[in-house]
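What follows is a single structure, written as structure tokens, with notes after it.
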Amino acid sequence: MGNGGSHYDVLVVGGGIAGMESALTLGDMGYTVLLVEKEPSIGGKMVLLSKVFPTLDCASCISTPKMAATANHPGVNALTHTEIDEIIKRDGGDFLVRLHRKPTFVDPVACTGCGQCETACTVALPDQFHYEMVARRAAYIPYPQAVPKKALIERHGSSPCSFACPAGVKAHGIVSLVRCGKYAEAFHLHMEDAPLPGCLSRACYAPCEAECTRGQLEGPVPIRLIKRFMVDRYYQEHPEPEYGPPEKRRGETVAVVGSGPGGLTAAFFLAREGYGVTVFEAASEAGGVLRLGIPSYRLPKDVLDRDIKNVTALGVEIRTNSRVRSINELKEQGFDAVLLAGGAMDPGRMGAPGEELEGVVDCLTFLREVNLGRQIDLDGKTVMVVGGGNAAIDPARAALRLGARKVLIQYRRSRAEMPAHDWEVEAARAEGVEFQFLKAPQRFLGIDGRVVATESLSMRLGEPDSSGRRRPIPVDGSKQTIPVDLVVLSIGLRPGTTPFAPELELEKNGRVHVNSATLQTSIPWVFAAGDAVSGPSSIVDAIGQARRAAFSLDRYLNGEVLGEAGFDERLPVVDKQAVLARSPSLAVRSPREKRELAAEGRARSFAEIEAPLAETEVRYCASRCLDCGGCSECRECVRACPANAISLNMHPEEEVLSVGSVIVATGFKLFDAHLKPTYGYGRYPNVITAMQMDRLLSPTRPYHHLVRPSDGKVPDNIAFVLCTGSRDYKVGNRLCSTVCCMYSTKQAQLIMGALPLADVTIYYIDIRAFGKGYEEFFEQAKAMGVNYVKGRVAKIDQVDGGSLMLHYEDTTERGGANQAEHDLVVLSIGILPNADALKLFEGEALAADPFGYVREPNESIDPGRTSIDGVFVAGTASAARDIPDSILHSGAASVQAAGYVESMRNGR
Amino acid sequence: MAEPSTRDVAEVMRDEMVVRDRITALIRNGPRTIPELAEALGYPSPEVVFWVMAMWRYGTLVPTGKAGADGYYRYRLSEEHPVPTEQVEASHGQGQP
Ligand SMILES: Cc1cc2nc3c(=O)[nH]c(=O)nc-3n(C[C@H](O)[C@H](O)[C@H](O)COP(=O)(O)OP(=O)(O)OC[C@H]3O[C@@H](n4cnc5c(N)ncnc54)[C@H](O)[C@@H]3O)c2cc1C
Ligand code: SF4
Ligand code: SF4
């Protein structure tokens with residue numbers, strides 16, 4: 009009968025008391041039952057209650073045996089944390105069901121429910137099972153009696169910051185660890201994804217911050233500076249890495265060409281896998297652009313040195329002054345594979361007359377001299393930098409620091425087209441660098457072979473070229489001669505791959521041709537990453553590529569198929585608007601001002617410009633994080649779990665199956681007390697709902713005792729406001745919720761037991777005590793001293809000390825407006841239909857009654873039957889009911905479903 | 703003291719991760735009530751309730767015996783879950799969010 013998938017006699021949707029009862033009844037009759045519950049535990053709302061009226065049995069004590077029986081019944085398959093996508097009735101009378109199991113990120117077989125992940129977790133979220141009275145963790149066990157009692161992790165997707173990082177650094181995880189003061193843990197988390205945290209915390213362009221959701225409010229979380237604090241703290245405490253070479257050793261060796269961020273990263277990941285790694289570096293010192301390109305006022309060299317130790321500690325050998333000229337030679341030397349990460353350091357040429365003059369240099373040659381500490385005296389000189397990328401800004405700012413009197417940057421397009429980051433441009437301008445846009449030298453003029461001036465032309469912008477930017481066109485007659493002492497050309501850096509041309513396929517611009525998914529080159533045992541592949545890009549992009557290339561290289565040497573699979577297992581990124589909508593009333597928390605040395609003083613010194621954050625600031629800054637994805641991927645739970653049960657890489661699993669009949673037991677929704685604004689719920693801490701009071705009175709309560717939410721004081725004068733959201737035309741619900749009179753009476757009795765000195769008042773319209781023993785229960789409460797006041801509460805105000813003034817109308821013969829003060833008010837909120845039930849079906853719609861409950865066309869004589877033949881309803885999905893009535897109703901629905909399955913079997 | 707907190711509940715709860723070190727440091731010097739903690743921390747007491755209850759839930763602190771005549775419980779560090787001293791010391795003088 010099925011559609012490929014499995015078949016069950018009956019599908020029960022909803023695992024509350026009605027759903028469990030139906031499943032058990034049908035299971036006992038011998039039918040196969042699939043029970044689907046969207047929450048991570050079965051039990052519904054009943055298991056969360058304190059006791060039940062009128063017997064005062066402990067709700068969880070009578071629920072848990074049913075929950076266990078449901079989970080263990082041989083005829084019942086109970087799927088929790090699972091959602092139905094659609095149910096379609098088929099011509100044969102059976103139903104096609106599509107559902108998806110939401111990932112819990114915890115292996116339920118391995119998890120023992122010990123709760124260590126919860127204790128370690130760094131993200132606090134409102135606990136929905138405590139109706140937001142207390143926080144739980146992103147990693148959590150729903151409640152102590154949960155079935156299954158397994159942990160799960162709340163994840164909405166990847167946080168935007170973490171998703172934005174090309175290297176896969178879990179920015180959100182770092183922020184959440186730092187927020188908790190776990191600095192070393194944050195450092196280790198960074199090291200799992202990228203081995204150069206010091207350099208990144210100084211010189212990364214921070215795409216994470218650009219994507220930060222808080223950026224849509226007062227400004228992004230300063231993730232890079234937060235990282236810098238964590239790195240500085242760690243390096244201070246650990247001048248040397250805490251680890252040595254890995255125990256796992258592999259026979260194969262790998263040659264890495266280049267010791268820039270790409271080469272160092274690849275070496276790190278390969279060495280961690282146990283390969284013998286040798287890095288070949290042409291320059292006299294390791295670090296590539298980090299060493300030779302980025303000036304120390306942005307990246308102090310001791311930070312780079314310490315970062316490099318993270319790599320060499322694994323046993324990686326870095327051979328400096330070793331330029332590789334042939335890849336095949338490396339193979340001949342015995343290397344099993346090669347990773348090319350030589351960057352893009354060859355200067356581009358303008359092809360302008362005079363370019364060969366002394367005093368016309370390319371930017372990397374200039375910066376290399378500066379960074380290697382060669383004496384360059386520019387005292388009183390004029391320096392012109394040509395170009396518009398970040399590579400133009402660094403030499404300009406360095407020239408100022410070397411004493412230049414005047415430094416100007418000529419760029420042939422306008423400010424808008426300039427690829428350099430805004431903040432770099434602004435910093436340079438503040439230090440005194442002069443920008444000349446729409447200007448470019450055409451010729452360099454020299455005397456005795458030394459440059460003395462440039463001849464520049466003005467430009468105007470024409471149509472966009474192949475790069476999408478508007479093409480500069482020289483303006484006739486705009487020639488201008490500018491006296492200069494030094495010209496630095498920051499144009500078109502290219503990979504220095506020419507020597508490899510006979511061996512390896514290259515692109516026209518010298519870039520290494522690769523498969524973009526695997527980064528394998530035209531030679532199968534050679535992989536490439538970084539600027540050598542992409543042209544000048546960024547540190548973090550190079551790191552990300554190198555990680556990917558190392559991953560592929562490892563698979564290659566393992567003889568595995570290459571491909572994307574297994575590399576990037578991130579969840580889709582969360583929607584920022586949804587994150588902001590989740591937190592409608594955030595306090596304004598301004599980002600800390602970025603602090604730097606004053607522009608005048610700093611422009612003459614190579615000391616680091618950016619001031620670090622102090623510890624208090626860093627934690628303040630981290631506290632601005634909105635925990636966009638829920639879980640931050642800090643991996644503290646992974647480390648804490650003794651059963652190794654946690655896997656953050658799970659994805660939803662879809663299933664299609666068929667069933668003979670369906671029972672809808674999706675229960676009810678609670679009235680949202682915010683919709684009665686005159687009662688102050690959500691504004692006054694001591695106005696709570698009855699569901700919250702039931703939690704406070706239950707054995708698994710959110711607080712250690714029954715105390716007020718405003719200040720932890722034991723309340724001594726408690727009021728109940730019946731019919732909140734029921735029998736109320738103003739909120740669109742004229743139905744009586746059936747249970748509120750009785751549950752309030754129950755709670756009043758329990759409070760009198762817990763706090764014998766407390767006064768309890770119940771404000772009511774009339775008391776509905778219709779069931780067996782209910783009237784006696786009500787009388788018993790009165791005898792215990794519960795004060796019943798017949799009156800409708802109009803308004804609640806907060807008065808001194810968090811207490812509340814109730815304004816009510818006395819509806820006895822006495823009449824009149826009255827007021828009374830209480831120190832805790834419980835709103836006895838009503839029961840509403842759960843609209844989810846109606847959305848389950850595709851095609852033939854499940855009909856609702858005028859109030860929105862599932863319609864039972866012949867409620868009084870044919871309970872449980874719905875508008876669709878073969879679909880039945882149990883419990884509060886079709887009307888407000890108490891527990892005994894829900895159970896009775898489930899019995900009716902179960903028998904109806906069994907009848908339908910039988911009639912189908914017998915061909916009607 | 704019992705100023706209503708208008709802040710987003712989720713935001714207040716998140717701040718536990720920063721403020722809990724300060725609460726730990728405060729009660730290390732002797733048990734305190736929630737209003738006393740609120741006063742010392744400079745936060746509205748309903749917010750402090752969220753943090754204290756979460757810290758109780760996860761075993762950092764416990765109430766000392768019964769509520770006092772003033773109706774308030776006093777909280778001390780829990781013995782089973784002593785917080786490592788480095789963490790407490792490091793947290794002295796934490797700035798407020
Ligand atoms: C404050 C309060 C106190 C109460 N006290 C008492 C009392 O003392 N005694 C008493 O008899 N009654 C009491 N009641 C009433 C009692 O809670 C209900 O009668 C009972 O919970 C109804 O059970 P149910 O299974 O129909 O619904 P629920 O308990 O609401 O269970 C429905 C289940 O279906 C799941 N579900 C919903 N939609 C889907 C979907 N699309 N897919 C999969 N699963 C879904 C839900 O997650 C839930 O687990 C009280 C009610 C309240 C509000
Ligand atoms: S990864 Fe971190 S934030 Fe996510 S659940 Fe685990 S401990 Fe909590
Ligand atoms: S608010 Fe936090 S989780 Fe969200 S993007 Fe910003 S740093 Fe990342």
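Just so you know, the protein sequences line up as chains A and B, in that order.
Just so it is clear: in the first sequence, position 903 is 911 by the working numbering, and no numbers are missing.
Just so it is clear: in the second sequence, position 88 is 790 by the working numbering, and no numbers are missing.
Heads up, the beta-carbon is just placed ideally off N, CA and C, and yes, glycines get one too.
Residue burial classification, residue i (beta-carbon count within 10 angstroms, cutoff 16)
i	result
K754 (chain A)	buried
N318 (chain A)	buried
I617 (chain A)	buried
S304 (chain A)	buried
I149 (chain A)	buried
Y191 (chain A)	buried
V714 (chain B)	buried
L634 (chain A)	buried
C220 (chain A)	buried
V862 (chain A)	buried
P786 (chain B)	In this prediction, P786 (chain B) has a pLDDT of 43, which is less than 50 and means its spatial position is unreliable; what the coordinates show is noted afterwards. So P786 (chain B) ends up on the exposed side.
Q796 (chain B)	Only weak support exists for where Q796 (chain B) lies, its pLDDT of 34 falling under 50; the value from the coordinates is given anyway. Its Cβ being crowded by 16 or more others within 10 Å, Q796 (chain B) is buried.
Neighbour list for residue i in chain B, Cβ cutoff strictly below 9 Å
i	result
L133 (chain A)	A712, M715 and R716
Any chain A beta carbon closer than 7 Å to residue i
i	result
G773 (chain B)	yes
I736 (chain B)	yes
S780 (chain B)	no
R730 (chain B)	no
A742 (chain B)	no
R724 (chain B)	no
V776 (chain B)	The sequence given here places Arg at residue 776 (chain B); Val does not occur at that position. No, R776 (chain B) does not count as interfacial toward chain A.
L739 (chain B)	no
Within chain B, the residues that residue i reaches when beta carbons sit closer than 8 Å
i	result
S631 (chain A)	R716, D717, M719, V720 and P799
Proximity test, Cβ basis, 7 Å: residue i and chain B
i	result
R913 (chain A)	no
T127 (chain A)	yes
E140 (chain A)	yes
A885 (chain A)	no
G77 (chain A)	According to the sequence provided, residue 77 (chain A) is Ala. The question's Gly does not apply to it. Answer no: the Cβ-Cβ gap between A77 (chain A) and chain B never drops below 7 Å.
A143 (chain A)	yes
Within chain A, partners of residue i - CB distance below 9 Å
i	result
T766 (chain B)	By Cβ distance, chain A contributes nothing, its closest Cβ being about 11 Å from T766 (chain B), past 9 Å.
Under 7 Å by beta carbon: chain B residues contacting residue i
i	result
T130 (chain A)	M719
Listed by chain order, chain A residues near residue i by CB distance under 7 Å
i	result
A769 (chain B)	V722
Members of the stretch 693 to 721 of chain A near chain B, C-beta cut-off 9 Å
P693, N694, P710, Y711, H712, H713, V715, R716, P717, S718, D719, G720 and K721
The stretch 677 to 687 of chain A / the stretch 837 to 857 of chain A touching (three or more Cβ pairs under 8 Å):
yes
Spell out a yes or no on whether the stretch 483 to 494 of chain A and the stretch 460 to 475 of chain A are touching, meaning 3 or more CB-CB pairs, one atom from each, closer than 8 Å.
yes
When you check each C-beta in the stretch 584 to 599 of chain A against every C-beta of chain B, which residues fall closer than 9 Å?
R590, S591, P592, S593, L594, A595 and R597
Please list the residues of the stretch 746 to 759 of chain B that have a C-beta atom closer than 7 Å to any C-beta atom in chain A, keeping them in chain order.
S747, P748, V751, F752, V754, M755, A756, W758 and R759
At a CB distance below 7 Å, what residues from the stretch 179 to 197 of chain A approach chain B? Give them in sequence order.
R187, C188 and G189
Given a limit of 9 Å on CB to CB distance, which residues of the stretch 634 to 666 of chain A reach chain B?
L634 and D635
Looking at C-beta atoms only, is the number of pairs between the stretch 339 to 347 of chain A and the stretch 268 to 288 of chain A that lie closer than 8 Å three or more?
yes
contact_flag[the stretch 627 to 636 of chain A, the stretch 591 to 609 of chain A] where n(CB pairs < 8 Å) is 3 or more:
yes
Evaluate contact between the stretch 784 to 791 of chain A and the stretch 801 to 819 of chain A, counting only Cβ atoms and requiring at least three cross-stretch pairs below 8 Å.
no
Any chance the stretch 170 to 177 of chain A sits against the stretch 544 to 556 of chain A, with 3 or more Cβ pairs inside 8 Å?
yes
May I ask you to verify whether the stretch 45 to 64 of chain A touches the stretch 745 to 759 of chain A, counting CB pairs closer than 8 Å and requiring at least 3?
yes
With three or more beta-carbon pairs closer than 8 Å as the criterion, would you say the stretch 89 to 99 of chain A touches the stretch 44 to 53 of chain A?
yes
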